[in-house]
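Participant: With our numbering applied, the sequence shown corresponds to residues -4 to 596, in that order.
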Amino acid sequence: MAISASKAKRLAAKEAKAKKAGPASKGKTEASSKSTGENGMSEQLKDLKLHADRTATGVLTSQSQSRDIQLESYSLSFHGRNLIQNATVELNFGRRYGLMGANGSGKSTFLRSLAEQDIKLPEHIDTYVLNEEAEPTEFSAVQYVIKHAEEQLARLEKEVETILGEEDGAENPVLDDLYARIESLDASRFESQAGELLHGLGFTHEQALKPTKALSGGWRMRVALAKALFIRPTLLLLDEPTNHLDLEAVVWLETFLQTYERILVVVSHSQDFLNSVCTNIIHLDHKQQLVYYGGNYDTFVRIKSENEANQMRAYEKQQAEIEHIKKFVASAGTYANLVRQGKSKLKIIDKMEAAGLIEKVLPPIQYSFRFTDVAKLPPPVLSFDEVAFAYDGVLDHALYTGVNLAVDMDSRVALLGPNGTGKSTLLKLMTNELEATAGRVQRHNQLKVCKYNQHSADQLDMEKSPVEYLRLKFKHISEDTNYWRQNLGKFGLTGNHQVSPIGTLSDGLRSRLVFCELALERPHIILLDEPTNHLDIESIDSLAEAIHAFSGGIVLVSHDFRLINQVAGELWLCEKRRIQKYDGTITEYKAALKKKLLKKK
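#1: Between Q80 and chain D, is there a C-beta pair that is closer than 8 Å?
#2: Determine the burial state of E130: buried for a count of at least 16 other Cβ atoms within 10 Å of its Cβ, exposed for fewer.
#3: In this structure, what does DSSP give as the bridge partners for P414?
#4: Going by CA-CA distance only, name the one from R90, S70, I64 that's closest to R49.
#5: Can you look up N77 in the DSSP assignment and give me helix, strand or coil?
#6: Can you have a look at E243 and say buried or exposed, based on whether 16 or more other CB atoms are within 10 angstroms of its CB?
#7: For my contact list, A144 and L180 are in at a C-beta cut-off of 8 Å; report their separation, rounded to the angstrom.
#8: Identify, in the order they occur along the chain, each residue of the same chain with its Cβ nearer than 6 Å to the Cβ of L94, setting aside the five sequence neighbours on each side.
#9: Kindly indicate which residue of I343, S460, T489, V382 has the alpha-carbon position closest to the one of E318.
#10: With I549 and I521 assumed to form a contact (beta carbons below 8 Å), what rounded beta-carbon distance in angstroms separates them?
#11: Measuring straight from C-alpha to C-alpha, what distance separates S460 and L523?
#12: Could you spell out where the beta strand (DSSP E) holding R438 opens and where it closes?
#13: Output the distance between the C-alpha atoms of K595 and S419, rounded to the nearest integer angstrom.
#14: Would you call the region 225 to 241 and the region 250 to 259 touching, i.e. three or more CB-CB distances under 8 Å?
#15: With a CB to CB cut of under 7 Å and the five nearest residues on each side skipped, what residues in its chain are close to K340?
#16: In angstroms, rounded to a whole number, what distance separates the CA positions of R407 and Y386?
#17: For D502, collect the residues of the same chain with a Cβ closer than 6 Å to its Cβ; drop the 5 residues on either side in sequence, then sort them by chain order.
#18: When you compare the region 110 to 117 with the region 291 to 298, are there three or more beta-carbon pairs, one atom per stretch, that lie closer than 8 Å?
#19: To which residues of the same chain is W479 closer than 6 Å at the C-beta, ignoring the five residues directly before and after it?
#20: Would A563 and F366 qualify as a contact pair, given that the criterion is a beta-carbon distance under 8 Å?
#21: I believe L125 touches A51 by the beta-carbon criterion, under 8 Å. Please report the beta-carbon distance rounded to the nearest angstrom.
#22: Under 8 Å between the Cβ atoms of V246 and L204?
#23: Where do the ends of the beta strand (DSSP E) carrying H278 lie?
#24: Between the Cα of R557 and those of L279, F105, D267, spot the shortest distance and give me the residue it belongs to.
#25: Which one of K346, I559, A221, H281 has the shortest CA to CA distance from L252?
#26: Can at least three beta-carbon pairs, one atom from the region 359 to 377 and one from the region 408 to 418, be found at a separation below 8 Å?
#27: Is Y464 helix, strand or coil when you go by DSSP?
#28: So for E191, helix, strand or coil by DSSP?
#29: Going by beta carbon distance, what residues of the same chain come within less than 6 Å of R435, once the five residues before and after it are set aside?
#30: Could you have a look at K2 and say whether DSSP puts it in helix, strand or coil?
#31: Starting from Y386, trace the beta strand (DSSP E) both ways and give me its first and last residue.
#32: If you count every other CB in all the chains shown that lies within 10 Å of the CB of T476, and 16 or more means buried, which is it?
#33: Given this structure, state the Cα-to-Cα distance separating K338 from I79, to the nearest angstrom.
#34: What residue from E161, R62, T199 has the CA that sits closest to T122's CA?
#35: For K446, report the span of its beta strand (DSSP E) as first-last.
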């Protein structure tokens, strides 16, 4: 693609200067933003420590001017624990990869290693990893996104100057891509483009103009995501990008990423999201290898299942052949001719072993989440009678009015609606953290309500191990270490993870610890506010089974369409200052969101 005439002239005018100055050094890795000021040094030290705890080795084998990335003999360890062993990393330009793997297998560490270029990548490949929110600043959300777009544009133009300053630089094929990227970053449209991205991610006009320091962590994460989508790096790495989004924003992001034409690697627990976005799947398996599959998540599941079935048939056939040979040798006795035949057949086994025996397919370890069953309470257990709520107490400013709904021990309720419509507030009214501005919230006098939210894991004691944490908190139940090991094992925390400091565990493993703690609390009603954040897909399926089996009530807020479809018996829609039952299915609701998005476009 040709660069615009005006920019071509400007770059040509700078070429002589570039030749004279020689190639300029540049920082090209866009990692997650760090806070500055008095906290800046501690953040930098934290980052340095993280890098010291992570070790990666490998060899870049892709061509220096290629837009593809290939690393051979790649190995990765974290805190001395091997995560990936002697694997091949192969990321092709124009492909969108979903990275699969169990909680704690090293997916987030792998993304960070790629982003920070533990193995040096060619100069023209810039990277960005989304795993932290935008820092709190005086810039508005729009200004923040524009500022980084301007920095990206300046970096790309400087990179063109550097290439043109090299011998035969004008023939470098990388230039075409750089020109195309510069052309797409039209400074005259920065404000409108930034506004469109933020609006798609759920920002109102007023929110987009607020300084980022006035936004919550979840909204600053959306700002960081908007920045990543705007600058469109060569290698975009998204670690659970939907965690802070509502269902409407998830649908928008799915649609946006379907047209991402560079290299995308995304870690997500949402099968719907992976099916909509991904062209390929990378599986970080139990053997610490990266296995590649073409197609989306459903294709990956089908092909993996077929491969394992074929491998198991081949394994059984080989084992039967080995067993047959061993029986023949054992029955040969002392007859010379049979002994010779036996030795000859044993050489067949030797050749099999030298070539590598077919491995038996080991089924994944099944974890069975279970919430402790409790005695039934007669209805009404928890009901709303003409409830209204306003944070300032003024009914004219109420989030909603006239709420007349109820939750009992058999309820499986999912709350729908955009962020800001009061879903989390409704959960706080249920737990008595807030009181209704008008109307009445009635609770059974024996009712115990417990809540899981996406920040619950942050409240854990990071210095203690999971075993120590539970034993101290529930010492009235048991002080036996083996008892707590067994409880943790049921929720997928096994081996060294049980006795390692909680601070060294992955977010997914910490979430499992919180679910174990929640089960021990023995509530009658469980409120789940974004429970799938950081869980792998197998854990989400186990959570769905636990919800079905639980003898108490469940109220769920989630951006995971599949989980809602699996467990919800009722849908409550929060919008336009009302909370009412939604008559359709979650599939119909998603279709309505897509239709609304197309109408906006």
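Ideal Cβ positions, reconstructed from N, Cα and C, are used throughout, including at glycine.
Facilitator: If we stick to the structure as given:
#1: Among the chains in the structure shown there is no chain D, since it carries only a single protein chain.
#2: buried
#3: Checking the sequence shown, residue 414 turns out to be Asn, not Pro. BP columns for N414 are empty, so no partner.
#4: S70
#5: strand
#6: buried
#7: 6 Å
#8: K102, V260, V262, I277
#9: The residue with the shortest Cα to Cα distance from E318 is I343.
#10: 6 Å
#11: Taking C-alpha positions only, S460 is separated from L523 by approximately 24 Å.
#12: 433 to 438
#13: 27 Å
#14: yes
#15: I320, F323, V324
#16: 27 Å
#17: Excluding residues within five positions, the ones whose Cβ falls inside 6 Å are H529.
#18: no
#19: If the five residues before and after W479 are omitted, its C-beta is found closer than 6 Å to the C-beta atoms of V462, L465, R466, all from its own chain and listed in chain order.
#20: A563 places its beta carbon 8 Å or farther from that of F366.
#21: About 20 Å separates the two Cβ atoms, so there is no contact after all.
#22: No, these two residues do not count as a Cβ contact at 8 Å.
#23: 275 to 279
#24: D267
#25: A221
#26: no
#27: helix
#28: helix
#29: The beta carbon of R435 sits closer than 6 Å to those of D380, all from its chain and outside the five residues before and after it, given in chain order.
#30: Low per-residue confidence applies at K2: pLDDT is 44, beneath 50, and the placement is therefore not dependable, though the value from the model is reported in the following sentence. If DSSP states are grouped into helix, strand and coil, K2 belongs with the helices.
#31: First-last for Y386: undefined, no H or E at that position.
#32: exposed
#33: 40 Å
#34: Minimum Cα distance to T122 is reached at R62.
#35: Residues 444 to 447.
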